[in-house]
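Written out below as structure tokens is the structure these notes cover.
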Amino acid sequence: MVAATLSTSVHIQDDPLVRPYGADRCASCTEWNAPQRPVHLFGNTYYVGTRGLASVLIASPEGHVILDGGLPDSAPLILANIKALGFDPAHVTLILNSHAHFDHAGGIAALQRASGARVAASPASARVLKSGTALPEEPQHGLLFDMPPVPAIEGLTDGQTLRVGRLALTAHFTGGHSPGGTSWSWESCEGDRCLAFVYADSLTPVSADEYQFSRNPSVVADFERSYAVLERASCDVLLTPHPAASALWERVASRPDGLVDGEACRRYAATGRRQLEERLAREGR
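302 is the number that my numbering gives the last residue of the sequence shown; the numbers go up by one with no jumps.
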């Protein structure tokens with residue numbers, strides 16, 4: 018067992034697509050990337066990410082969809098979780114992203130390599146995924162690590178619905194936290210009961226020290242549009258790129274119906290709006 022663990026560690030260090038950033042560079046990465054057993058959420062929707070970084074599997078006989086890839090070294094954990102559920106990663110045919118930061122998109126290149134899936138993203142996110150480098154207009158520019166580039170990406174339009182067999186996922190552009198941020202909605206059913214899922218992108222106004230949202234009105238406008246999208250969304254179950262942002266683990270522990278909350282998306286938007294208002298007030302002092 019020790020030899021196998023050492024062999025896996027050496028392999029990860031040698032593979033540029035899954036190489037860790039290291040605790041000396043990323044103080045939060047070890048906590049974010051703590052292993053998490055996969056969770057069946059409802060119907061054909063499963064949590065396959067790490068403890069601190071979400072990755073969602075939506076399964077169908079015609080092919081599977083993955084939302085988000087975590088860190089580069091999250092990819093082996095995500096693939097192991099998919100296999101633990103009895104699914105074949107080779108049957109993943111589509112990979113989607115919330116926003117193109119290293120902690121949510123860093124593992125996409127490795128997941129694409131393992132599955133052969135196509136990757137689709139908003140125009141701004143596609144630019145980052147192709148280059149592996151943050152855009153200059155990114156609020157957190159200078160703080161974000163480069164990530165393995167994704168060689169082939171399909172562009173998305175706002176409101177576009179992507180289909181894999183019977184699966185249908187709709188893209189909702191929800192920028193602000195990052196250029197090109199995208200939330201996703203779909204329906205998952207068990208028998209006659211169907212729930213509206215929303216994988217809502219991050220709404221926190223986080224930035225490099227020198228960046229001011231008050232000097233970037235287009236970004237503030239992006240945030241406002243994002244709040245409006247989530248306020249009017251059909252939303253029975255809210256999921257977020259950082260599961261703690263939507264209290265996922267507390268809700269999972271209170272099942273069978275702890276996941277279901279028709280007001281969750283509106284509360285999430287209200288929290289984001291309050292955080293932006295507080296940030297703008299601090300900048301105005």
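All C-beta atoms, glycine included, are put in the ideal place defined by N, C-alpha and C.
Terminal residues of the beta strand (DSSP E) in which residue i lies
{"i": "VAL181", "result": "178-181"}
{"i": "TYR64", "result": "62-64"}
{"i": "ARG54", "result": "Careful: ARG54 lies outside any beta strand (DSSP E) and carries neither H nor E."}
{"i": "ARG135", "result": "135-138"}
{"i": "LEU111", "result": "109-113"}
{"i": "HIS189", "result": "184-190"}
Boundaries of the alpha helix (DSSP H) in which residue i is found, first to last residue
{"i": "HIS121", "result": "119-122"}
{"i": "GLU300", "result": "281-300"}
{"i": "PHE240", "result": "234-248"}
{"i": "ALA270", "result": "265-270"}
Any non-hydrogen atom of the ligand ATP within 7 Å of residue i CB
{"i": "ASP105", "result": "Among the components modelled here there is no ligand, and therefore nothing to report on the ligand ATP."}
Per-residue DSSP class, three states only, for residue i
{"i": "LEU160", "result": "coil"}
{"i": "LEU34", "result": "coil"}
{"i": "ILE125", "result": "helix"}
{"i": "MET18", "result": "Model confidence at MET18 stands at a pLDDT of 46, short of 50, so the residue's coordinates are unreliable; what they give is reported in the following sentence. MET18: coil per DSSP, three-state reduction."}
{"i": "LEU146", "result": "helix"}
Paired residues, beta bridge with residue i - DSSP
{"i": "PHE214", "result": "TRP203 and VAL254"}
{"i": "GLU171", "result": "ALA137"}
{"i": "PHE230", "result": "Note: PHE230 sits in no beta bridge, so no partner."}
Assumed close pair residue i, residue j - CB separation to whole angstroms, cut-off 8 Å
{"i": "ARG268", "j": "GLY279", "result": "Contact doesn't hold; Cβ gap of about 13 Å is too wide."}
{"i": "LEU111", "j": "ALA137", "result": "7 Å"}
{"i": "PRO258", "j": "ALA71", "result": "5 Å"}
{"i": "SER139", "j": "THR199", "result": "5 Å"}
{"i": "ASN50", "j": "ASP85", "result": "Going by Cβ atoms, the distance from ASN50 to ASP85 rounds to 13 Å, so no, they are not a contact pair."}
{"i": "SER224", "j": "GLN157", "result": "6 Å"}
{"i": "ASP163", "j": "GLY176", "result": "At roughly 31 Å, the Cβ-Cβ gap does not stay under 8 Å, so ASP163 and GLY176 are not in contact."}
May I have a chain-ordered list of the alpha helix (DSSP H) segments no shorter than 4 residues that lie completely inside the region 69-106?
92-101
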